[in-house]
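Step one of this worksheet: look at the structure below.
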Amino acid sequence: MTVQSWQSVQQEFNRLKDVHMRDMFAQDPQRANKFTKKACDFTLDYSKNRVDEQALTALFQLAKDHKLTEKRDAMFAGEIINKTEHRAVLHTALRRDSKDSILVDNKNVVNEVYSTLNKMKQFVAEIHNGTRTGRTGKKFTDVVAIGIGGSFLGPKIVTEALKPYQNPALKVHFVANVDAHHIVDVLAKLNADTTLVVMSSKSFTTQETLKNTETTREWFLASGAKFEDIAKHFMCVSSNTAKATEFGIDPDNIFPMWDWVGGRYSLWSAIGLPIALSIGFDNFEQILLGAREMDAHFLSTPLEDNLPVIMAVLGVWYSNFFDCQSHVLLPYSHYLRGFPAYVQQLDMESNGKSVNQLDQNIEYKTGPIIWGGEGTNGQHAFHQLMHQGNTIIPADFIMPINPNHDEVEHHQMLASNCFAQTQALMQGQTTAEIEQELLAKGVDKQEATRLAKHKYMPGNRPSNTLLMEKLTPIQLGRLIALYEHKVFVQGVIWDINSFDQWGVELGKVLGTQVLSALQDTAQPELDSSTQQLVDLFKQQIS
Ligand SMILES: O=P(O)(O)OC[C@H]1O[C@H](O)[C@H](O)[C@@H](O)[C@@H]1O
125 MTVQSWQSVQ QEFNRLKDVH MRDMFAQDPQ RANKFTKKAC DFTLDYSKNR VDEQALTALF
185 QLAKDHKLTE KRDAMFAGEI INKTEHRAVL HTALRRDSKD SILVDNKNVV NEVYSTLNKM
245 KQFVAEIHNG TRTGRTGKKF TDVVAIGIGG SFLGPKIVTE ALKPYQNPAL KVHFVANVDA
305 HHIVDVLAKL NADTTLVVMS SKSFTTQETL KNTETTREWF LASGAKFEDI AKHFMCVSSN
365 TAKATEFGID PDNIFPMWDW VGGRYSLWSA IGLPIALSIG FDNFEQILLG AREMDAHFLS
425 TPLEDNLPVI MAVLGVWYSN FFDCQSHVLL PYSHYLRGFP AYVQQLDMES NGKSVNQLDQ
485 NIEYKTGPII WGGEGTNGQH AFHQLMHQGN TIIPADFIMP INPNHDEVEH HQMLASNCFA
545 QTQALMQGQT TAEIEQELLA KGVDKQEATR LAKHKYMPGN RPSNTLLMEK LTPIQLGRLI
605 ALYEHKVFVQ GVIWDINSFD QWGVELGKVL GTQVLSALQD TAQPELDSST QQLVDLFKQQ
665 IS
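The opening residue of the sequence shown carries number 125 in the working numbering; numbering runs sequentially from there.
See below:
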């Protein structure tokens with residue numbers, strides 16, 4: 125980090141660290157208005173954060189000193205910014221206008237994107253209108269979408285979030301885990317004659333996805349289908365065409381993707397095929413359009429008014445100055461219940477790094493632990509720690525103002541809980557106030573003083589509130605792109621490569637070795653604990 129901008133943020137932290145947000149609100153009646161920004165049909169209220177204008181200025185300067193705008197432009201232009209894998213990072217190319225041009229290896233990738241989108245469009249139409257059927261000529265009723273990580277979370281949470289847009293005649297079932305309880309349960313309910321399988325794996329080497337696809341293929345053949353029928357029922361999305369063909373997928377059934385799209389950034393590509401099958405291609409296009417709008421906002425808005433930048437610098441403020449370890453996402457929306465898990469991969473796989481772009485080890489904190497769950501459920505569970513635990517957990521409250529149902533009172537209750545939680549976290553309750561309440565209820569003085577200690581709510585706990593008018597395909601596209609860019613900005617400030625994921629590799633290699641020990645095909649050297657686990661498993665498996 126550049127020393128000077130780091131130091132000036134440190135000075136702001138020293139100035140504000142003991143100031144309570146209650147007092148900030150009391151002193152400035154304009155505070156909410158001042159720290160609220162509207163863009164892309166979002167309203168971001170970040171007034172319940174432990175900042176003032178001066179601190180934010182220092183934080184924006186930190187971003188500027190890390191050359192945020194130059195680095196942002198380099199990403200959009202297709203420069204090789206993923207320097208450990210020597211790749212461009214162009215998920216934004218997947219949602220560009222068809223007239224745009226971005227060159228990678230002298231090829232305009234936007235053309236490739238649109239030729240794949242057209243292939244998807246035609247395929248989805250054929251499945252929906254029944255011109256493409258299964259081997260017995262029956263219309264497809266179910267899709268089994270097999271993939272894991274980035275080839276699973278995006279399509280799954282988007283399809284789930286857009287339930288009101290789903291085609292009831294084509295049910296999409298997502299399977300990721302190699303734990304066969306899932307695939308076995310899913311297949312048990314399905315008719316192979318009317319089931320389409322979409323296998324998604326950028327690398328086409330992922331163990332879980334390959335195994336689940338093999339098991340599904342066996343199930344399909346056991347239904348009486350012949351080997352040549354596989355071409356009618358099995359589609360695949362991959363950048364590894366050679367391996368996919370070798371596996372037996374008909375080359376016509378392979379939807380391409382590219383090495384300049386990271387798995388966790390890939391839902392905009394053909395990896396989104398299960399989404400388009402579920403909600404229709406027009407709605408899928410709306411998701412792309414929403415992301416394009418957020419890209420335009422990120423590209424052209426001054427940093428001070430730029431939603432992803434604001435959210436990013438606030439995250440840096442809490443991680444690096446307040447020493448916060450985690451960040452919680454709280455969608456007050458049942459349909460967005462999967463969003464925390466999606467952002468968990470996006471953020472933790474991108475920014476869980478400890479070497480900088482100059483190949484040096486770094487000591488400062490990088491990506492926080494991302495977690496969360498839907499409101500109001502969490503209020504009756506983990507919010508206790510957020511309110512009274514001795515650690516600060518910055519929160520994002522996310523809520524669509526209009527629901528997709530007519531239960532007005534339910535929705536008012538949901539909204540009131542969401543807003544009240546931000547209020548409780550911010551203002552807390554002093555021991556004097558609590559004691560007063562207890563005395564008024566007739567509790568004796570000694571007991572009131574004792575209880576007040578336990579009931580004390582420190583407050584001063586930060587949160588953003590992100591409101592949207594309605595959860596529509598376009599808005600969901602904007603929401604996901606907002607978080608993608610937030611993660612990018614933080615990666616720039618921390619000077620890390622947000623686009624590799626070497627940390628997942630060792631587990632895969634060792635997993636293969638341990639499997640050979642379990643299957644007695646080799647005797648790898650294992651530590652005594654791991655060997656003991658292998659022996660125990662072999663002894664007890666029936
Ligand atoms: O799409 P695939 O190549 O099968 O990869 C699936 C996932 O597995 C990997 O281990 C990575 O950690 C993820 O970033 C990736 O999305």
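Note that beta-carbon positions come from the ideal geometry of N, C-alpha and C, so glycine has one too.
Would the C-beta of residue 272 count as close to ligand 1, meaning under 7 angstroms from any of its heavy atoms?
Here residue 272 refers to the residue found at position 148 of the sequence shown. Yes, Cβ of residue 272 sits closer than 7 angstroms to a heavy atom of ligand 1.
Is residue 333 a contact residue of ligand 1, with contact defined as CB to any heavy atom under 7 angstroms?
The sequence position of residue 333 within the sequence shown is 209, counting from 1. At least one heavy atom of ligand 1 is nearer than 7 angstroms to the Cβ of residue 333, so yes.
Pairing CB atoms from the stretch 352 to 363 with CB atoms from the stretch 289 to 307, are three or more of them under 8 angstroms?
no
With a floor of 3 residues, list each beta strand (DSSP E) that falls wholly inside the stretch 281 to 334, ordered by position along the chain.
You should have 295 to 299 and 319 to 324.
What ranges does the alpha helix (DSSP H) occupy inside the stretch 166 to 199, keeping only unbroken runs of at least 4 residues that lie completely in it?
177 to 189
For residue 628, is the beta carbon positioned less than 7 angstroms from some heavy atom of ligand 1?
Position 504 of the sequence shown holds residue 628. Yes, ligand 1 has a heavy atom inside 7 angstroms of this Cβ.
Drop a sphere of 10 angstroms on the beta-carbon of residue 661, count the other beta-carbons inside from all chains shown, and report buried for 16 or more, exposed for fewer.
In the sequence shown, the residue the question calls residue 661 occupies position 537. With fewer than 16 other Cβ atoms within 10 Å, it is exposed.
Using CA coordinates, which residue listed in 132, 186 and 152 is at the minimum distance from residue 427?
Walking along the sequence shown from the start, residue 427 turns up at place 303. Comparing Cα-Cα distances from residue 427 to each of 132, 186 and 152, the minimum goes to 186.
Is the separation between the beta-carbon of residue 196 and that of residue 418 shorter than 8 angstroms?
Start at 1 with the first residue of the sequence shown, and residue 196 comes out as number 72. Start at 1 with the first residue of the sequence shown, and residue 418 comes out as number 294. In this structure, residue 418 does not lie closer than 8 angstroms to residue 196 by Cβ.
Report buried or exposed for residue 626, applying the criterion of at least 16 other Cβ atoms within 10 angstroms of its Cβ.
For the purposes of this step, residue 626 is taken as the residue at position 502 of the sequence shown. When all chains shown are included, residue 626 counts as exposed.
Can you tell me which of 245, 322 and 544 puts its alpha carbon nearest to the alpha carbon of residue 409?
The residue you call residue 409 lines up with position 285 of the sequence shown. Selected option, being the one with the closest Cα: 245.
Give the straight-line distance between the Cα atoms of residue 636 and residue 130, rounded to the nearest whole angstrom.
The residue given as residue 636 occupies position 512 in the sequence shown. The residue given as residue 130 occupies position 6 in the sequence shown. In a straight line, the C-alpha of residue 636 is about 44 angstroms away from that of residue 130.
Does the distance between the C-beta of residue 388 and the nearest non-hydrogen atom of ligand 1 fall short of 7 angstroms?
Along the sequence shown, one-based indexing puts residue 388 at 264. Checking every heavy atom of ligand 1 against the Cβ of residue 388, one is found closer than 7 angstroms.
Return yes when at least one heavy atom of ligand 1 lies under 7 angstroms from the C-beta of residue 365, else no.
Translated into the one-based positions of the sequence shown, residue 365 becomes position 241. Here the distance from the Cβ of residue 365 to the nearest heavy atom of ligand 1 is not below 7 angstroms.
Expressed to the nearest angstrom, what Euclidean distance is found between the alpha-carbon atoms of residue 440 and residue 520?
Numbered from 1 along the sequence shown, position 316 holds the residue referred to as residue 440. Numbered from 1 along the sequence shown, position 396 holds the residue referred to as residue 520. Rounded to the nearest angstrom, the gap between the Cα atoms of residue 440 and residue 520 is 14 angstroms.
Using 10 angstroms around the beta-carbon of residue 331, count the other beta-carbons present and answer buried if the total reaches 16, otherwise exposed.
On the sequence shown, position 207 is the one that residue 331 refers to. Residue 331 comes out exposed.
Member of 386, 222 and 399 whose CA lies at the smallest distance from the CA of residue 212
Within the sequence shown, numbered from 1, the residue matching residue 212 stands at position 88. Ranking 386, 222 and 399 by Cα distance to residue 212 puts 386 first.
Does the beta-carbon of residue 570 have 16 or more other beta-carbons within 10 angstroms, so that it is buried, or is it exposed?
Numbered from 1 along the sequence shown, position 446 holds the residue referred to as residue 570. By the neighbour-count rule (16 or more Cβ atoms within 10 Å), residue 570 is not buried but exposed.
Would you please state the rounded distance, in angstroms, between the beta carbons of residue 318 and residue 268? I believe it to be under 8 angstroms.
By one-based count along the sequence shown, residue 318 stands at place 194. By one-based count along the sequence shown, residue 268 stands at place 144. Not really, about 11 angstroms apart at Cβ, beyond 8 angstroms.
Taking the CB atoms as reference points, tell me whether residue 380 and residue 394 lie closer together than 8 angstroms.
For the purposes of this step, residue 380 is identified with residue 256 of the sequence shown, where counting begins at 1. For the purposes of this step, residue 394 is identified with residue 270 of the sequence shown, where counting begins at 1. In this structure, residue 394 lies closer than 8 angstroms to residue 380 by Cβ.
How about the stretch 454 to 466 and the stretch 276 to 287: do they share at least three Cβ pairs that are nearer than 8 angstroms?
yes
Pull up the DSSP beta-bridge partners for residue 594, would you.
On the sequence shown, position 470 is the one that residue 594 refers to. Partner(s): 526.
Provide the residue(s) that pair with residue 211 in DSSP beta bridges, ordered along the chain.
As a first step, residue 211 must be located in the sequence shown, where it is residue number 87. Paired residue(s): 206.
For residue 371, the residue or residues it bridges with in DSSP
Stepping through the sequence shown from its first residue, residue 371 is reached at position 247. As DSSP reads the structure, residue 371 sits in no beta bridge.
Where residue 142 falls: helix, strand or coil (DSSP)
By one-based count along the sequence shown, residue 142 stands at place 18. The answer is coil: DSSP assigns residue 142 none of H, G, I, E or B.
Could you check if residue 498 belongs to the surroundings of ligand 1, using beta carbon to heavy atom distance under 7 angstroms?
For this step, residue 498 is matched to residue 374 along the sequence shown. The answer is no for residue 498.
The stretch 608 to 624 in contact with the stretch 572 to 589 per 3-pair CB rule at 8 angstroms:
no
In chain order, what residues of the same chain lie with their CB nearer than 8 angstroms to the CB of residue 423, ignoring the 5 residues before and after it?
The residue given as residue 423 occupies position 299 in the sequence shown. Contacts found: 196, 197 and 200.
Which class does residue 130 belong to by DSSP, given the choice of helix, strand or coil?
The residue given as residue 130 occupies position 6 in the sequence shown. Here residue 130 sits in helix by DSSP.
Does the beta-carbon of residue 468, which I'm using as the reference point, lie nearer than 7 angstroms to any heavy atom of ligand 1?
Here residue 468 is taken as the residue at index 344 of the sequence shown, counted from 1. The answer is no for residue 468.
My guess is that residue 623 and residue 206 are in contact by the Cβ rule of under 8 angstroms, so how many angstroms apart are they, rounded?
As a working note, residue 623 is residue 499 in the sequence shown. As a working note, residue 206 is residue 82 in the sequence shown. Confirmed, Cβ separation roughly 4 angstroms.
Taking the beta carbon of residue 475 as the centre, do at least 16 other beta carbons fall within 10 Å, making it buried, or is it exposed?
Indexing the sequence shown from 1 puts residue 475 at position 351. Counting Cβ neighbours within 10 Å, residue 475 comes out buried, since at least 16 surround it.
When DSSP builds the beta bridges, which residues end up paired with residue 451?
By 1-based counting over the sequence shown, the position of residue 451 is 327. DSSP output for residue 451 lists 494 as bridge partner(s).
Residue 380 lies in the beta strand (DSSP E); which residues open and close that run?
For the purposes of this step, residue 380 is identified with residue 256 of the sequence shown, where counting begins at 1. Counting along the chain, the beta strand (DSSP E) containing residue 380 begins and ends at 378 to 380.
Out of 252, 429, 333 and 434, point me to the one whose CA is closest to residue 403's CA.
Here the question's residue 403 lines up with position 279 in the sequence shown. Taking only the C-alpha atoms, the option nearest residue 403 is 252.
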